[in-house]
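Here's the structure we're looking at; comments come further down.
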Amino acid sequence: MDLKILENQESYGDYLCHPNGTCYPGQNMTIKVNVTNCADIDEDIKVNLTLYNQTNSAVYQNISNVSLLSKNSTIVSYNYSIPTNSSVQNYTINASVVVPVYGKVNDELSITYAGLVAGRSVVDGEYNTTLAMYTCSYGTSNSTTIVALAEPRLFINKTAINLTAHPNDEILYKINVSNVFGTGWITNITISDKIPLNWKFSGINDSGSCNAANTSYDETNNVINFSIKDLNTNESCTFTYKVKIYEFENNGQFNNTANVSGILNETEEKKKASCFNDICEDNATVEITANVSMKVNKTITVNMPLFIFEPGIIISFNIIIINDGYNTLYNVTIIEILPVGIEFRNATLNGSLLTNQTIGNYSTGQNVTITGIGNLSAGENKTINVTTFIHTGANETSVNLVNVTAKAPNGTEILRTGNATFYVVYPNITISKTLTSGNTSYEPGDYVNYTIKVTNSGKGT
Numbered sequence: 012m013d014l015k016i017l018e019n020q021e022s023y024g025d026y027l028c029h030p031n032g033t034c035y036p037g038q039n040m041t042i043k044v045n046v047t048n049c050a051d052i053d054e055d056i057k058v059n060l061t062l063y064n065q066t067n068s069a070v071y072q073n074i075s076n077v078s079l080l081s082k083n084s085t086i087v088s089y090n091y092s093i094p095t096n097s098s099v100q101n102y103t104i105n106a107s108v109v110v111p112v113y114g115k116v117n118d119e120l121s122i123t124y125a126g127l128v129a130g131r132s133v134v135d136g137e138y139n140t141t142l143a144m145y146t147c148s149y150g151t152s153n154s155t156t157i158v159a160l161a162e163p164r165l166f167i168n169k170t171a172i173n174l175t176a177h178p179n180d181e182i183l184y185k186i187n188v189s190n191v192f193g194t195g196w197i198t199n200i201t202i203s204d205k206i207p208l209n210w211k212f213s214g215i216n217d218s219g220s221c222n223a224a225n226t227s228y229d230e231t232n233n234v235i236n237f238s239i240k241d242l243n244t245n246e247s248c249t250f251t252y253k254v255k256i257y258e259f260e261n262n263g264q265f266n267n268t269a270n271v272s273g274i275l276n277e278t279e280e281k282k283k284a285s286c287f288n289d290i291c292e293d294n295a296t297v298e299i300t301a302n303v304s305m306k307v308n309k310t311i312t313v314n315m316p317l318f319i320f321e322p323g324i325i326i327s328f329n330i331i332i333i334n335d336g337y338n339t340l341y342n343v344t345i346i347e348i349l350p351v352g353i354e355f356r357n358a359t360l361n362g363s364l365l366t367n368q369t370i371g372n373y374s375t376g377q378n379v380t381i382t383g384i385g386n387l388s389a390g391e392n393k394t395i396n397v398t399t400f401i402h403t404g405a406n407e408t409s410v411n412l413v414n415v416t417a418k419a420p421n422g423t424e425i426l427r428t429g430n431a432t433f434y435v436v437y438p439n440i441t442i443s444k445t446l447t448s449g450n451t452s453y454e455p456g457d458y459v460n461y462t463i464k465v466t467n468s469g470k471g472t
């Protein structure tokens, strides 16, 4: 008797067993037994086939009646459907001939075992039904072992190396892909990663054990596609890649999802590989904080005692803007609020004149918008010099206010203020005139001497 394990032609397709003799849960396994009557007379026999699982429990048994002419062979087929929830295990097939119905020439009935034939056993396009005669030896019980394996499954794990970041930062992501659970190669593995709107793919940082390659980058839909090497049973690999955060991103949590797919290479029809627990994706979350901090300091540049000035003098101010946050400040703008009597002359940055728009007259107070300062990178500071002129009519105690605005990466406007106080002094003249002598009576022709005293009782010269 020749025992063969062959694929079931009727279940060709999704239920095809592997060419290496393995099957997956849910597949139909067709067992074909070749029985040869070596005797000189015809026989009615029974072929008993039993299938045992790994715990040696019989999970399938069938007895077939076969009528065999002398010196002829026939193939008896049995079909067993492997349970969909089957674990990885070996199945043992035992085929034997039951005592002939008529009990004749028992020593001439062949149950010779011809071995396991993996995959399709095809001769000239058909199953070989004309098998050779075998040396007859009655009573031999033959068995063979096949392995029913769970189908290999893909598993993907995605992580962000840094869980917090800022706009315009570059994030490093790590992808780990595994062939888990079953047995067999998975090929044509691709990973598709959709990143948040306006974020940009910067490139593969390390192709790692995956030999990862970027096959395409759809900038319209923000989808990155990678290909990696084939994975064998229980094999995994890792690679890393970089993504740049949108420079005007909002605060909040942002996650992006990577999907994996592959081909089950052991099947002739190259069906799509399944994923562990039917989950073919994983995502990573990054906390984005547009952390900006701006400081403004305003000082008077002229070293005058007690900051006392008089009309007709030029007075200059330094406005120091500091970005002590993590992100760039954009479109820095200054609004000078000048007190009454102070006239704006110009504003410079590193000696270069800045653009300004002045509203109002110095006699009532001016508001001056100063632009052209540009952006302020994290940790950067800029000093703007503002020159003004003091007119008569300025308040004795004058406060020069300044408002500085800038845009955070997410577009939010940030406002900081500063001020500088100075004093404008005016003279207060009094004149007194007295006779030099105490004599108040004089004759014509006398000389009269006077003393004129001019006193400045004010604070100005």
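Residue numbering for the sequence shown follows the numbering used here, beginning at 12 and increasing consecutively.
The beta-carbon is built from N, C-alpha and C at its ideal position, and this holds for glycine as well.
Please read these numbers as outputs of a predicted model, since none were measured by experiment.
Contact defined as beta carbons within less than 8 Å: I believe Val435 pairs with Ser409. What is the distance between those atoms, to the nearest angstrom? 6 Å
Check the DSSP bridge columns for Asp217 and list the partner residues they point to. Thr251
Neighbourhood of Ala301 by C-beta, 8 Å cutoff - its chain only, sequence neighbours within 5 removed: His177, Pro178, Glu260, Asn261, Asn262, Asn338, Ala419, Pro420, Asn421 and Thr423
Among Gln264, Val415 and Leu275, which has the Cα closest to the Cα of Thr198? Leu275
Leaving out five residues on either side along the sequence, give the residues of the same chain with a beta carbon under 8 Å from the beta carbon of Gly336. Asn302, Val303, Ser304, Met305 and Ala389
Do Ile186 and Ile172 come within 9 Å of each other at the CB atom, strictly closer than that value? no
Roughly how many angstroms separate the alpha carbons of Lys283 and Leu62, rounded to a whole number? 30 Å
On the three-pair Cβ rule with 8 Å, is the region 313-325 touching the region 285-302? no
Per-residue DSSP class, three states only, for Asn342: strand
At least three beta-carbon pairs within less than 8 Å, the region 430-448 to the region 368-376: no
Whole angstroms is fine: what's the gap from Phe355's alpha carbon to Asn386's? 24 Å
Hey, how far is the Cα of Ile167 from the Cα of Trp210? 22 Å
I'd like the list of long-range same chain contacts for Thr462, defined as Cβ closer than 6 Å, with 5 residues on each side in sequence excluded. Thr445 and Thr447
Just list the residues that DSSP pairs Phe212 with in beta bridges. Val254
Reduced DSSP secondary structure (H/G/I, E/B, other) of Leu80: coil
Should Ile93 be labelled buried (16 or more other beta-carbon atoms within 10 Å of its own) or exposed? buried
Rank Tyr437, Ile442 and Asn411 by C-alpha distance to the C-alpha of Thr428 and give the top, closest one. Asn411
Which same chain residues end up closer than 8 Å to Ala405 when comparing Cβ atoms and leaving out the 5 residues on each side of it in sequence? Pro322, Pro350, Val351, Gly352, Ile353 and Val435
How long is the line joining the alpha carbons of Lys464 and Ile325, rounded to whole angstroms? 32 Å
Between Ile256 and Asp180, what straight-line distance do the alpha-carbon atoms span, to the nearest angstrom? 6 Å
One question on the structure: do Leu365 and Ile395 come within less than 9 Å of each other, judged by their Cβ atoms? yes
Between Gln368, Leu360, Thr344 and Ile239, which lies nearest to Ile215 when the distance is taken from Cα to Cα? Ile239
Under 9 Å between C-beta atoms of Val188 and Val254: no
Compute the Euclidean distance between the alpha carbons of Thr170 and Asp217, then round it to the nearest angstrom. 15 Å
Mind checking whether Val379 and Glu347 have CB atoms under 9 Å apart? yes
Cβ shell of Ser285 (< 7 Å), same chain only, five flanking positions each side left out: Glu162 and Arg164
Which word fits Thr399, buried or exposed, when buried means at least 16 other C-beta atoms lie within 10 angstroms of its C-beta? buried
Return yes when the C-beta of Phe212 is under 8 Å from any heavy atom of the ligand NAD, and no when it is not. In terms of ligand content, the structure shown is empty, and the ligand NAD therefore cannot be addressed.
First through last residue of the beta strand (DSSP E) which encompasses Thr423: No beta strand (DSSP E) holds Thr423; DSSP gives it neither H nor E.
Assigned secondary structure, Asn222 (DSSP; H/G/I helix, E/B strand, else coil): coil
Could you please give the first and the last residue of the uninterrupted beta strand (DSSP E) stretch that includes Phe237? Val234 to Ser238
Thr441 versus Val459 - alpha carbon distance: 23 Å
For Thr369, which residues of its own chain have a beta-carbon under 6 Å away from its beta-carbon, when the five flanking residues on both sides are left out? Phe355, Gln377 and Val379
Under a three-way DSSP split, which group does Asp457 fall into? coil
When you compare only the Cα positions, how much space is there between Asp229 and Ile299? 24 Å
Start and end residues, beta strand (DSSP E) containing Ser409: Thr408 to Lys418
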